[in-house]
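Participant:
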Amino acid sequence: WFMVPHGSVLYVLVRRRERFSRALALMYAVFDLGATFYWALPTAPPWYAALHGRLGEPGSPPVRRMMIEYGEQFWRDRWPALYDVLGGNPLAAMPSLHFATSLMGAHLLSEVDPVAGAVGWTYAALLAVALVYLGEHYAIDLLGGAALAEAVRLGAPRAAPAARRVVSALAALERFAAGDVDQLAADG
Numbered sequence: 566w567f568m569v570p571h572g573s574v575l576y577v578l579v580r581r582r583e584r585f586s587r588a589l590a591l592m593y594a595v596f597d598l599g600a601t602f603y604w605a606l607p608t609a610p611p612w613y614a615a616l617h618g619r620l621g622e623p624g625s626p627p628v629r630r631m632m633i634e635y636g637e638q639f640w641r642d643r644w645p646a647l648y649d650v651l652g653g654n655p656l657a658a659m660p661s662l663h664f665a666t667s668l669m670g671a672h673l674l675s676e677v678d679p680v681a682g683a684v685g686w687t688y689a690a691l692l693a694v695a696l697v698y699l700g701e702h703y704a705i706d707l708l709g710g711a712a713l714a715e716a717v718r719l720g721a722p723r724a725a726p727a728a729r730r731v732v733s734a735l736a737a738l739e740r741f742a743a744g745d746v747d748q749l750a751a752d753g
């Protein structure tokens, strides 16, 4: 999942350069807003809740973290070092950024190329199943991720003018900090 959001945006850059800025803004708005949710309202994924006895009834089978089991089978001796770098985040379940960014990637790819779009939508669907099966997310986390991606996509036209003003103000502040007073005066 680490490569797909960035790869989708890079694909847009290569295939339809004129759409790149918009694609980049949409994808990273999803990342930034999702991270804001994580900080404001941290929620534990199923594997973490189960690990700490917060999920499941007494006597019921425990929730297994399939990601660990399959990682150990596939990567063998390399898994511990790899997992130490990519390990799970115990406070970042809702909304699922895995799913939100894959949906945004599918939208962006669909706007550029129908075949790439079909690949993106297939990936998003398979990822949804995998995220729940592997114990990384609850189904509601995926719905939250879908809502986030769609809110960003549909809200972008309204948010764009305000975003441009913020970017312009930040650029002016950056010039001021750098001591470029002449350019500041020219900007008004």
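Whatever position you read off the sequence shown (first residue = 1), add 565 for our numbering.
C-beta: ideal position from N, C-alpha, C; glycine also.
1. Mapping the DSSP letters down to three states, classify His617 as helix, strand or coil.
2. When burial is assigned at 16 or more other CB atoms within 10 Å of the CB, is Gly744 buried or exposed?
3. I think Leu591 touches Leu673, with their Cβ atoms under 8 Å apart; what is that distance to the nearest whole Å?
4. Between Ala609 and Ala658, how many whole angstroms is the CB-CB distance? I'm expecting something under 8 Å.
5. In or out: Val579 buried (at least 16 other Cβ within 10 Å) or exposed?
6. Quick check: the Cα distance between Val677 and Ala693, rounded to an integer number of angstroms?
7. Please report the distance separating the alpha-carbon of Ala588 from that of Tyr576.
8. For the alpha helix (DSSP H) holding Tyr593, just list the boundary residues, first then last.
9. Pick out the complete alpha helix (DSSP H) segments inside the stretch 623-690, 4 residues or longer, and give them in chain order.
10. Write down the C-beta distance between Ser661 and Leu696 rounded to the nearest angstrom, noting that I regard them as a contact closer than 8 Å.
11. Under the three-state reduction of DSSP, which class applies to His702: helix, strand or coil?
12. Taking the alpha-carbon of Leu620 as reference, which of Gly700, Arg643, Ser586 and Arg723 has the nearest alpha-carbon?
13. By DSSP, does Arg581 sit in helix, in strand, or in coil?
14. Taking the Cβ atom as the reference point for each residue, do Ser675 and Tyr688 lie within a distance shorter than 9 Å?
15. Measuring only the C-alpha atoms, how far is Arg643 from Trp612?
16. Starting from the Cα of Leu708, find the closest Cα among Arg584, Val595 and Ala665 and give me that residue.
Facilitator: In brief:
1. coil
2. Answer is exposed; the Cβ neighbour count stays below 16.
3. Going by Cβ atoms, the distance from Leu591 to Leu673 rounds to 7 Å, so yes, they are a contact pair.
4. The beta-carbon distance between Ala609 and Ala658, rounded to whole angstroms, is 6 Å. This is short enough to meet the 8 Å contact definition.
5. exposed
6. Cα to Cα, Val677 sits roughly 23 Å from Ala693.
7. Approximately 10 Å, taken between the alpha carbons.
8. Phe585 to Ala605
9. Runs of alpha helix (DSSP H) with 4 or more residues, each lying fully within the stretch 623-690, are found at 631-640, 644-651 and 662-677, listed in chain order.
10. About 6 Å separates the two Cβ atoms, so the contact holds.
11. Under the three-state reduction of DSSP, His702 is assigned to coil, being neither helix nor strand.
12. Gly700
13. coil
14. no
15. Cα-Cα distance, rounded: 22 Å.
16. Comparing alpha-carbon positions, the option among Arg584, Val595 and Ala665 lying closest to Leu708 turns out to be Ala665.
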